[in-house]
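Q: Protein chains in written order, with this note's numbering: chain H, 892 to 999; chain B, 7 to 124.
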Amino acid sequence: GIQVEQSPPDLILQEGANSTLRCNFSDSVNNLQWFHQNPWGQLINLFYIPSGTKQNGRLSATTVATERYSLLYISSSQTTDSGVYFCAAPSGTYKYIFGTGTRLKVLA
Amino acid sequence: DGGITQSPKYLFRKEGQNVTLSCEQNLNHDAMYWYRQDPGQGLRLIYYSQIVNDFQKGDIAEGYSVSREKKESFPLTVTSAQKNPTAFYLCASRRRLGQGAPQHQPQHFGDGTRLSIL
Numbered sequence: 892g893i894q895v896e897q898s899p900p901d902l903i904l905q906e907g908a909n910s911t912l913r914c915n916f917s918d919s920v921n922n923l924q925w926f927h928q929n930p931w932g933q934l935i936n937l938f939y940i941p942s943g944t945k946q947n948g949r950l951s952a953t954t955v956a957t958e959r960y961s962l963l964y965i966s967s968s969q970t971t972d973s974g975v976y977f978c979a980a981p982s983g984t985y986k987y988i989f990g991t992g993t994r995l996k997v998l999a
Numbered sequence: 007d008g009g010i011t012q013s014p015k016y017l018f019r020k021e022g023q024n025v026t027l028s029c030e031q032n033l034n035h036d037a038m039y040w041y042r043q044d045p046g047q048g049l050r051l052i053y054y055s056q057i058v059n060d061f062q063k064g065d066i067a068e069g070y071s072v073s074r075e076k077k078e079s080f081p082l083t084v085t086s087a088q089k090n091p092t093a094f095y096l097c098a099s100r101r102r103l104g105q106g107a108p109q110h111q112p113q114h115f116g117d118g119t120r121l122s123i124l
């Protein structure tokens, strides 16, 4: 089945800094999701992005399906951005495979 | 507002005891999922259901059971056969667009249940 890898595994930023998180997948996909898991464990949908680029406020994501990767950009980071960021890619028709996540800590 | 409700938020299990985690959704989604998350780890799929009265094992189904008698509900039972049940359990659902296009819909998650052994 598909393999999903995320990098970096851990990231510490000063408030206001920008960052790029990467998600590589081993097979071609027709959709990809990015999530933010907050310190209380809630998984928040960030982007559903099969291809191209989407933006939502300070966050944007780009998926290049032909090259099998997706990037999540966080600009002007805030302490509330802290948590774990996951990407998930489909395996077959109904299953999703999650990466191991990038743990982000934003310092005030 | 539509959403996914998981209950309880915290659950404690004694040795040899079965416990059932509830997941209810009012999003009219066909597909539902159960994931397990261990501390510092990603999500692993336990079971999923594409439609009422049908479900499939995921990657770590041993020691767990599910039922799907209603579209809105997908309860997970952690049996005594699951030797290491302490984890965070997340339920998700996804809309199905009919034959051939179910993959083109995002997953939505509940807030999770934390299960611990007493």
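For glycine and all other residues, C-beta sits at the position ideal for the given N, C-alpha and C.
All figures in this text were calculated on a predicted structure; none of them were measured in a lab.
Where H/LEU938 and H/SER973 are concerned, what is the direct C-alpha to C-alpha distance, given to the nearest angstrom?
A: Counting from 1 along the first sequence, the entry for residue 938 of chain H is found at position 47. Counting from 1 along the first sequence, the entry for residue 973 of chain H is found at position 82. In the sequence under discussion, the amino acid at residue 938 of chain H is Phe, which differs from the Leu named in the question. Distance between the alpha carbons of H/PHE938 and H/SER973 is about 17 Å.
Q: Tell me, please, which residues DSSP counts as bridged to H/VAL955.
A: Here the question's residue 955 of chain H lines up with position 64 in the first sequence. Bridge partners of H/VAL955: H/TYR960.
Q: Would the region 905 to 921 of chain H and the region 947 to 967 of chain H be scored as touching if the rule is three or more Cβ pairs under 8 Å?
A: The region 905 to 921 of chain H, when compared against the region 947 to 967 of chain H, does touch it at the 8 Å Cβ threshold.
Q: So, at 8 Å on beta carbons, what are the nonlocal neighbours of B/GLN105 in its own chain, with the 5 sequence-adjacent residues on each side left out?
A: On the second sequence, residue 105 of chain B is found 99 positions in, with the first residue counted as 1. The pLDDT assigned to B/GLN105 is 47, lower than 50, so where the model puts this residue is not dependable; a value taken from the coordinates is nonetheless given after this. Closer than 8 Å at Cβ, skipping near neighbours: no residue.
Q: Give the straight-line distance between the Cα atoms of B/LYS63 and H/ALA999, rounded to the nearest whole angstrom.
A: On the second sequence, residue 63 of chain B is found 57 positions in, with the first residue counted as 1. On the first sequence, residue 999 of chain H is found 108 positions in, with the first residue counted as 1. If I take the Cα positions, the gap works out to 44 Å.
Q: To the nearest angstrom, report how far apart B/THR69 and H/ARG949 are at their CA atoms.
A: Here residue 69 of chain B corresponds to residue number 63 of the second sequence, with the count starting at 1. Here residue 949 of chain H corresponds to residue number 58 of the first sequence, with the count starting at 1. Note that residue 69 of chain B is Gly in the sequence shown here, rather than Thr. The straight-line gap from Cα to Cα measures roughly 42 Å.
Q: Cβ of H/LEU932 less than 7 Å from any chain B Cβ?
A: For the purposes of this step, residue 932 of chain H is identified with residue 41 of the first sequence, where counting begins at 1. According to the sequence displayed, residue 932 of chain H carries Gly and not Leu. Chain B contact via Cβ: present.
Q: Counting only runs that start and end within the region 919 to 992 of chain H, where is the beta strand (DSSP E) found for 3 or more residues in a row?
A: Entirely contained in the region 919 to 992 of chain H, the beta strand (DSSP E) runs reaching 3 residues are, in chain order, 924 to 928, 934 to 939, 943 to 947, 950 to 955, 960 to 965, 974 to 982, 986 to 989.
Q: Pull up the DSSP beta-bridge partners for B/THR85, would you.
A: Your numbering for residue 85 of chain B matches position 79 in the second sequence. According to DSSP, B/THR85 bridges with nothing at all.
Q: Taking 7 Å as the threshold (beta carbon to beta carbon), is H/GLN924 in contact with chain B?
A: Along the first sequence, read from residue 1 onward, the residue named residue 924 of chain H stands at position 33. By this cut-off, H/GLN924 is an interface position.
Q: Classify H/CYS914 as helix, strand or coil using the three-state DSSP reduction.
A: Reading the first sequence from its first residue, position 23 is the one you call residue 914 of chain H. Here H/CYS914 sits in strand by DSSP.
Q: Who are the neighbours of H/LYS986 on chain B, taking C-beta pairs under 8 Å?
A: Numbered from 1 along the first sequence, position 95 holds the residue referred to as residue 986 of chain H. Here the neighbours are LEU51, TYR54, GLY64.
Q: Give the interface partners of B/GLY8 over in chain H, defined as CB-CB distance under 9 Å, in chain order.
A: Counting from 1 along the second sequence, the entry for residue 8 of chain B is found at position 2. Near B/GLY8 there are no residues of chain H at all, since even the closest Cβ is about 14 Å away, more than 9 Å.
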